[in-house]
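K.L.:
Residue numbers (my numbering): 5 to 111.
1) Put residue 82 into one of helix, strand or coil per three-state DSSP.
2) Helix, strand or coil, according to DSSP, for residue 104 in the structure here?
3) Should residue 13 go down as buried or exposed, given a rule of 16 or more other Cβ atoms within 10 Å for buried?
4) Please say whether residue 80 and residue 95 have beta carbons closer to each other than 7 Å?
5) For residue 1 and residue 99, I'd like the C-alpha separation in whole angstroms.
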């Protein structure tokens with residue numbers, strides 16, 4: 005089932021979604037995931053009854069599409085070529101809700 009159909013089917017006030025879509029403008033995923041998918045994702049988050057977090061690469065297009073959402077930026081290390089080499093990059097964590105006014109606890 006594709007991500008959008010799944011979210012529409014299971015969206016409830018108590019539902020929490022974690023989305024990890026293909027990183028924008030990267031290769032090797034083997035799936036077609038165009039910019040319109042990220043735009044649909046942002047639109048879906050705006051209407052969500054539950055809550056969602058998305059992790060993506062830090063890219064100007066992604067920041068533009070998800071402008072208006074709370075975004076954290078975190079450093080990560082990508083493995084390169086399986087030889088133990090790493091590359092420092094930034095990733096964004098996008099939240100569908102205002103965490104200050106509605107904190108989510110695990111317990």
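By construction, the Cβ of each residue, glycine as well, lies at the ideal position given by its N, Cα and C atoms.
P.N.:
Checking against the coordinates, here is how it stands:
1) For the purposes of this step, residue 82 is identified with residue 78 of the chain shown, where counting begins at 1. Here residue 82 carries a strand assignment [DSSP, helix/strand/coil].
2) Indexing the chain shown from 1 puts residue 104 at position 100. Three-state DSSP puts residue 104 in coil, outside helix and strand.
3) Reading the chain shown from its first residue, position 9 is the one you call residue 13. The residue in question, residue 13, is exposed, as its Cβ has fewer than 16 Cβ neighbours within 10 Å.
4) Looking up residue 95 in the chain shown gives position 91. Looking up residue 80 in the chain shown gives position 76. Against a cut-off of 7 Å, the Cβ pair of residue 80 and residue 95 comes out as a contact.
5) Since the first residue shown for the chain is 5 and the last is 111, residue 1 is missing from the structure and cannot be characterised.
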